[in-house]
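The structure under discussion appears below in the form of structure tokens.
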Amino acid sequence: MHIPDGFLSTPVWLALDVTGLPAVGLLARRARRELEEARAPLLGVMGAFVFAAQMINFPVAAGTSAHLVGGALLAITLGPAAASVVMTAILAVQAFVFQDGGILALGANVFNMGIAGVLAAWLPYRLWGAGRHRRTAIFAAGALSVLVSALLAVSELLASGVPVRPAALAFLLVVFGVSAAVEGVITVAVVRGIERLSPRIVRQATPERSWGLAVCGAGAVLLAAAGGLVASTNPDGLQWLGGQLDILGRITNLFAAPLADYRARWLGSPWISKAAAGTAGALLVGVICIALGRAAARPRSA
Amino acid sequence: MHHVVLERWSRGSSFLHARDARVKVLVLLAYLVALTTTTPMTAAAGTCYAALVAAAIVAARLPLAGLALRAATVLPFAGAFALFSLLAGDESRALSLVSKSYLSAAAVLILAGTTPLPKLVRGLESMGVPRFLTLVIHFLYRYLFVVSEQAQHMRMAALARGGGLRLAHAAGAAATLFGRSYARAEGIHGAMLARGFVGRMELLAEARLGAADVLFLLGGAGLATVLRLAMGTLI
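As you go down the protein sequences, you meet chains A and B in turn. Under this note's numbering, the first residue of the first sequence is numbered 811, with each subsequent residue one higher. Under this note's numbering, the first residue of the second sequence is numbered 113, with each subsequent residue one higher.
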């Protein structure tokens, strides 16, 4: 789901631009390091491949057909950092050339599909991709990448005040569930095909038997997706956080009497405190993701 | 294909075509911020913002109807959520979602229709986007057409053989396309290294900010700001 411009409220798009776009900058640095040399041509052509692969119709039940979304496939074949960079490049070209997704909403779309979606795909593959449950792990990677990005997109829309009735929300959730399952099936089929045709390309995940990490990771993915949805259907939570920040503003106010009036108005504005609350939340999720990424990457480098 | 038309548009020679990419990006951002923060979106505000877009289209000598049609790609998404808003009884929200997203798409199309993508990406690079990312965008755009055409050939070949009916066939086609793209990427990379590629795309001429660019920036961003201040409440 590519969010166009004009849908998100200012605190939401601003917070996600401020956190999501620099995060991709960091990932770009990391991807360049991981891939040894300037492998930009490879990543660019893989991005073009994802575009082109969307022309291939995958027959689903009852005469309908679907197409590959590709985030999970990129994570499995290129690794998460490179996959995030490719997804960001795809989203940028879609926004500028194809009007698919907005420019101000680019940070939100990059966060949903390029960062959270790729991480959600990488997690199950990293944990179970090498063992007996390889196919299940690949299915989960495809399904989770679509589900997490769609849930995040909807929670951002809800947090922006786009009114969606419970019935419409239930309809959307069913649509997301079905498309997530379809993406899982397609990803499994395509990865199997790639393994047969060019086996050296697919990254083999090293076996990992850490249940603690698995629970932690699943928790983070659920927290990010479902938690966001719950939090945004209940905007009081964000307002409460804003209120807390407002209290902070009043405390600093006591120490800065000359600027008192100005500060109180500045920090007291609901817009600023909402933006601050949103940014703080996104940063928190970012820190959790980085910590998880570090934990997941450690055994490989050791 | 869509981006071929855009390529043709972007080779024009109007006042807007000649402006520096960075300046155009900044003016676009000013317009988008003004448009998206305008609440409530009244009919008068919508008309003013639409007039600004129309004036830019005329100034750029782009086809008005063609551009209006292309901007309609946002309508399925916007329409779905406008419908949800209508169902929730929020008519003004529905109208604002459709009008804001449509005008935003039209504004972005003006940028894309007056700026060749290599210039645009170089502009973004000099505004702080990491070079590794801009390189990936360059390559993606260059090979988009090549790989898409290959996909279409494979599809045609599969149809000619009566295939494409089962999931396994489609998956095989995608896997083949993947392998070919990967091999193509390695070939491209080797060939570029052999020709002295050092990780940077060279343009024929480096962009320079002229007086007209600065004037356009001040005028465009100023107009968007004035419009925003005149319409709706502050924050």
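We put the beta carbon where it would ideally sit given N, CA and C, even for glycine. What you are looking at is a predicted structure, and each value in this text was computed from that prediction instead of being measured.
Cα-Cα separation, residue i to residue j
{"i": "A902/A", "j": "V855/A", "result": "15 Å"}
{"i": "A224/B", "j": "I886/A", "result": "33 Å"}
{"i": "G889/A", "j": "R843/A", "result": "12 Å"}
{"i": "M304/B", "j": "Y161/B", "result": "45 Å"}
{"i": "S197/B", "j": "R1002/A", "result": "42 Å"}
{"i": "S260/B", "j": "S293/B", "result": "10 Å"}
{"i": "F1065/A", "j": "A157/B", "result": "Below a pLDDT of 50, predicted positions are generally treated as unreliable, and F1065/A, at 43, falls in that range; the measurement from the model is reported next regardless. For F1065/A and A157/B, the distance between alpha carbons rounds to 43 Å."}
{"i": "L327/B", "j": "W938/A", "result": "58 Å"}
{"i": "A192/B", "j": "L164/B", "result": "27 Å"}
{"i": "I1061/A", "j": "S819/A", "result": "Model confidence at I1061/A stands at a pLDDT of 45, short of 50, so the residue's coordinates are unreliable; what they give is reported in the following sentence. When rounded, the distance between both Cα atoms is 28 Å."}
{"i": "T227/B", "j": "A172/B", "result": "11 Å"}
{"i": "T997/A", "j": "R254/B", "result": "26 Å"}
{"i": "V241/B", "j": "A130/B", "result": "22 Å"}
{"i": "L929/A", "j": "L983/A", "result": "21 Å"}
{"i": "L1093/A", "j": "L979/A", "result": "27 Å"}
{"i": "H812/A", "j": "N919/A", "result": "6 Å"}
{"i": "R123/B", "j": "A999/A", "result": "42 Å"}
{"i": "G816/A", "j": "A269/B", "result": "42 Å"}
{"i": "M239/B", "j": "W121/B", "result": "24 Å"}
{"i": "L209/B", "j": "A167/B", "result": "22 Å"}
Proximity to residue i [Cα-Cα], best of the options
{"i": "A177/B", "options": "L140/B, A218/B and A142/B", "result": "A218/B"}
{"i": "V860/A", "options": "V995/A, V956/A and V879/A", "result": "V879/A"}
{"i": "G881/A", "options": "F868/A, Q864/A and V870/A", "result": "Q864/A"}
{"i": "A200/B", "options": "A999/A, I996/A and A977/A", "result": "A977/A"}
{"i": "K136/B", "options": "R340/B, A324/B and L245/B", "result": "A324/B"}
{"i": "V170/B", "options": "Y255/B, S125/B and F290/B", "result": "S125/B"}
{"i": "T154/B", "options": "S211/B, L271/B and V241/B", "result": "S211/B"}
{"i": "T829/A", "options": "R839/A, L933/A and N922/A", "result": "N922/A"}
{"i": "I222/B", "options": "L128/B, A283/B and L256/B", "result": "L128/B"}
{"i": "A892/A", "options": "T997/A, G835/A, A1101/A and V907/A", "result": "G835/A"}
{"i": "G247/B", "options": "R849/A, M811/A and L957/A", "result": "Note that residue 247/B is Leu in the sequence shown here, rather than Gly. Of the listed residues, the one whose Cα sits closest to L247/B is R849/A."}
{"i": "Q904/A", "options": "L215/B, L138/B, L144/B and L229/B", "result": "L229/B"}
{"i": "F251/B", "options": "G857/A, Y935/A and P832/A", "result": "G857/A"}
{"i": "V822/A", "options": "I866/A, G971/A, V1000/A and F981/A", "result": "G971/A"}
{"i": "Q909/A", "options": "S204/B, F189/B, S208/B and E203/B", "result": "F189/B"}
{"i": "A342/B", "options": "T149/B, A183/B and V139/B", "result": "T149/B"}
{"i": "A876/A", "options": "G308/B, A282/B, L321/B and S238/B", "result": "A282/B"}
{"i": "A336/B", "options": "L174/B, S216/B and R182/B", "result": "S216/B"}
{"i": "A841/A", "options": "A825/A, G952/A and V895/A", "result": "V895/A"}
{"i": "G299/B", "options": "F817/A, L852/A, A838/A and P814/A", "result": "L852/A"}
{"i": "V1012/A", "options": "V995/A, R944/A, G912/A and F868/A", "result": "R944/A"}
Under 7 Å by beta carbon: chain A residues contacting residue i
{"i": "G284/B", "result": "G1003"}
{"i": "K348/B", "result": "Coverage of chain B is limited to positions 113 through 347, which leaves residue 348/B absent and any answer about it impossible."}
Identified DSSP bridge partners for residue i
{"i": "A876/A", "result": "F868/A"}
Contact list for residue i against chain C, beta-carbon separation under 8 Å
{"i": "V259/B", "result": "The displayed structure is made up of protein chains A and B, and chain C is not among them."}
Contact set between residue i and chain A, taken where Cβ atoms lie within less than 8 Å
{"i": "D132/B", "result": "Near D132/B there are no residues of chain A at all, since even the closest Cβ is about 16 Å away, more than 8 Å."}
{"i": "M239/B", "result": "Those do not exist, as M239/B stays about 12 Å from chain A at its closest Cβ, beyond 8 Å."}
{"i": "D202/B", "result": "P973"}
{"i": "H129/B", "result": "Residues of chain A passing the Cβ test: none, with the nearest at roughly 16 Å."}
{"i": "R296/B", "result": "V855"}
Contacts that residue i makes with chain A (C-beta to C-beta distance below 9 Å)
{"i": "L335/B", "result": "Simply none; closest approach about 18 Å."}
{"i": "V170/B", "result": "Residues of chain A passing the Cβ test: none, with the nearest at roughly 20 Å."}
Listed by chain order, chain B residues near residue i by CB distance under 7 Å
{"i": "V985/A", "result": "Chain B residues near V985/A: none, gap ~10 Å exceeds 7 Å."}
{"i": "A838/A", "result": "P242, F244 and L245"}
Check: residue i C-beta below 7 Å from any heavy atom of the ligand HEM
{"i": "A133/B", "result": "What this structure holds is no ligand at all, so the ligand HEM is not there to describe."}
Chain-ordered neighbours of residue i on chain B, where CB pairs are closer than 8 Å
{"i": "L954/A", "result": "Within chain B, no residue comes near L954/A; the closest Cβ sits about 20 Å away, beyond 8 Å."}
{"i": "V895/A", "result": "F244, L245 and V248"}
{"i": "M923/A", "result": "Simply none; closest approach about 14 Å."}
{"i": "Q909/A", "result": "R182, A183, T185, V186, A217, V220 and L221"}
9 Å Cβ cut-off: residues of chain B touching residue i
{"i": "T820/A", "result": "V145, T148, T149 and I347"}
{"i": "S989/A", "result": "In chain order: nothing, as chain B lies at least about 14 Å away."}
Sequence ranges, alpha helix (DSSP H) only - wholly within the segment 195–259 of chain B, length at least 4:
Listed in chain order, they are 203–226 and 229–238.
In chain order, what are the residue ranges of uninterrupted alpha helix (DSSP H) at least 4 long that sit wholly in the segment 929–989 of chain A?
As far as the segment 929–989 of chain A is concerned, its whole alpha helix (DSSP H) runs of at least 4 residues are 944–969.
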